[in-house]
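By the numbering used here, the letter at position 106 of the sequence shown is numbered 432, and the numbering carries on one by one without gaps.
C-beta: ideal position from N, C-alpha, C; glycine also.
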Amino acid sequence: MEALERITNNQDWITLLLLGVLFLIVSASLIDNERLKQLFALPFNSYYLVGYPTENWKPFSLVLFLAGNLTLGLLIYLLLSNQVFTEVKTPVPFGKILLLMLLYWGVKFSTGKFIAFIFEIKNIQSKWSFVKTSYFLSSNLYLLPLLIFSFYLFRNKSSFLEITATLYALLLIIRYYHFINQYKREITTYFFYFILYLCALEIAPLLIVLKIGF
Numbered sequence: 327m328e329a330l331e332r333i334t335n336n337q338d339w340i341t342l343l344l345l346g347v348l349f350l351i352v353s354a355s356l357i358d359n360e361r362l363k364q365l366f367a368l369p370f371n372s373y374y375l376v377g378y379p380t381e382n383w384k385p386f387s388l389v390l391f392l393a394g395n396l397t398l399g400l401l402i403y404l405l406l407s408n409q410v411f412t413e414v415k416t417p418v419p420f421g422k423i424l425l426l427m428l429l430y431w432g433v434k435f436s437t438g439k440f441i442a443f444i445f446e447i448k449n450i451q452s453k454w455s456f457v458k459t460s461y462f463l464s465s466n467l468y469l470l471p472l473l474i475f476s477f478y479l480f481r482n483k484s485s486f487l488e489i490t491a492t493l494y495a496l497l498l499i500i501r502y503y504h505f506i507n508q509y510k511r512e513i514t515t516y517f518f519y520f521i522l523y524l525c526a527l528e529i530a531p532l533l534i535v536l537k538i539g540f
C-alpha cells in the first residue's frame with residue numbers, strides 16, 4: 327500500500343491570537359472597568375461619548391485599538407481562507423493583512439490631520455475621529471465572541487462566517503447612523519468638509535489598501 331502524504335494546516339496560532347486578544351481586553355478592564363462597560367453599551371446609548379469627550383489615545387484606548395485590529399484582521403483572514411470571496415485565488419497571510427490595516431490607519435489618520443490643518447477644522451475633526459474610533463472599538467468587542475464561535479464550532483461552515491461578517495457590517499451601519507445623528511447640525515453647517523472628509527478618510531484609504539494588497 328502506497329503511503330499517502332498527510333497535509334495538515336496548523337492553526338494553533340489562531341488560538342494563541344484569540345487568547346492574546348482576550349488578555350488585552352482583560353488588561354483594558356483592569357485599566358478602567360467602568361469605561362469598558364460603557365464602551366460595550368455604546369451601540370445602544372451615547373453615555374460613553376459624553377463621559378469621555380475627545381479622549382482618544384490613552385492606554386485604555388491603545389490596548390483596545392490593538393485588540394480590535396487583531397480581531398478584525400482575523401475575520402478578514404478567515405473570510406479569505408474559506409474563500410467567501412471567490413475571486414481571491416490564493417490565501418492571504420495574516421501578517422500581510424495586519425500590514426495593510428496598518429497602512430490603512432496610517433493613511434486615514436495622517437490625511438485627517440492634514441485636512442484639519444488646511445481647513446482649520448481641528449476641533450471638528452478631533453470630535454469626529456473620537457466618535458468613529460469609539461464605535462470601532464465597541465464593534466470589535468462584539469465581533470470577538472462571534473469569531474470564537476466561527477472558528478471552534480463552525481470551522482468548516484463559511485455560511486456562519488458570512489453571518490458574522492454581516493452582523494459586523496450592521497454594527498458599522500449603526501456606528502454611522504449614530505455619528506450622523508449626533509453631528510447632523512455640524513454636518514449641515516460644514517457639508518462640504520463632511521463630503522471631503524468622507525471621501526478622503528473613508529473611501530481613499532480603503533481603495534489604496536485594496537490596490538496595493540490585492
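Between residue 401 and residue 469, the beta carbon gap of about 6 Å places them in contact (Cβ cut-off 8 Å).
Look at the beta carbons and you see the region 446 to 458 not touching the region 344 to 355: under three pairs across the two are nearer than 8 Å. Apart from the 5 residues on each side of it in sequence, residue 418 sits with its Cβ closer than 6 Å to the Cβ of 406 in its chain, given in chain order. In its chain, beyond the 5 residues on either side, 426, 429 and 430 have a beta carbon closer than 7 Å to the beta carbon of residue 535.
Excluding the 5 residues flanking it on each side, residue 386 has same chain C-beta neighbours closer than 7 Å at 354, 357, 358 and 361, in chain order. The beta carbons of residue 365 and residue 374 sit closer together than 9 Å. By the beta-carbon neighbour count (other beta carbons within 10 angstroms, threshold 16), residue 451 is buried. In the DSSP annotation of this structure, the continuous segment of the alpha helix (DSSP H) that includes residue 389 starts and ends at 385 to 407.
Distance from the Cα of residue 460 is smallest, within the candidate group 538, 533, 371 and 341, for 371. According to the DSSP assignment, residue 479 belongs to no alpha helix (DSSP H), since it is labelled neither H nor E.
In the displayed model, residue 465 falls within a helix according to three-state DSSP.
Counting only runs of 4 or more residues that sit fully inside the region 493 to 524, the alpha helix (DSSP H) segments are 510 to 515 and 517 to 524, in chain order.
Note that the C-beta distance between residue 463 and residue 399 is not below 9 Å.
If you draw a 10 Å sphere on the C-beta of residue 511, you find fewer than 16 other C-beta atoms in it, and that means exposed.
Counting the other CB atoms within 10 Å of its CB gives residue 531 a total of 16 or more, which places it among the buried residues. Taking a C-beta distance under 9 Å as the contact criterion, residue 438 and residue 509 do not qualify as a contact pair. Contact check for residue 505 and residue 453: beta-carbon distance about 10 Å, past the 8 Å limit, so the pair fails to qualify.
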